[in-house]
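Read the structure below first, then the notes.
In my numbering, the protein residues as written are 9 to 105.
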């Protein structure tokens, strides 16, 4: 996966600000939805050198693709929520250590 461009980053941030609430509200555990929504915005904006960066950006983009039936992206949204929770708990956590 290639790194995200600044143009794509700006687009993804706008999309998440406008539509990310629909993504997180589908999760059955609402206790941390606001925190995850904010974490995703920070992740998009950070540009931190994180090996998971391209993968997580892909999950964000696919979870926001409402041209795909919402039920078809359930696994993607679930994985995004899981990764966000793990990285919030431990910013050094990696998908593949």
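C-beta atoms are modelled at their ideal positions from N, C-alpha and C, and glycine is treated no differently.
Small disclaimer: the values here were computed from a predicted structure and weren't measured.
I think residue i touches residue j, with their Cβ atoms under 8 Å apart; what is that distance to the nearest whole Å?
i          : j           : result
residue 12 : residue 45  : Contact doesn't hold; Cβ gap of about 19 Å is too wide.
residue 41 : residue 35  : 7 Å
residue 60 : residue 102 : 6 Å
Give me the residue from the options with the minimum Cα distance to residue i.
i           : options        : result
residue 39  : 102, 93, 100   : 93
residue 3   : 57, 77, 52     : The displayed coordinates of the chain run from 9 to 105. Any statement about residue 3 would go beyond what the structure contains.
residue 16  : 68, 74, 102    : 68
residue 104 : 43, 76, 29, 58 : 58
Is the distance from the Cβ of residue i to the Cβ of residue j below 8 Å?
i          : j          : result
residue 31 : residue 83 : no
residue 21 : residue 72 : no
Rounded to a whole number of angstroms, what is the C-alpha to C-alpha distance between residue i and residue j?
i           : j          : result
residue 81  : residue 90 : 14 Å
residue 100 : residue 47 : 14 Å
residue 27  : residue 79 : 16 Å
residue 63  : residue 37 : 23 Å
residue 43  : residue 33 : 12 Å
Can you list the alpha helix (DSSP H) stretches of 4 or more residues lying completely in the region 46-82, in chain order?
If we require 4 residues or more, the alpha helix (DSSP H) runs fully inside the region 46-82 come out as 61-71.
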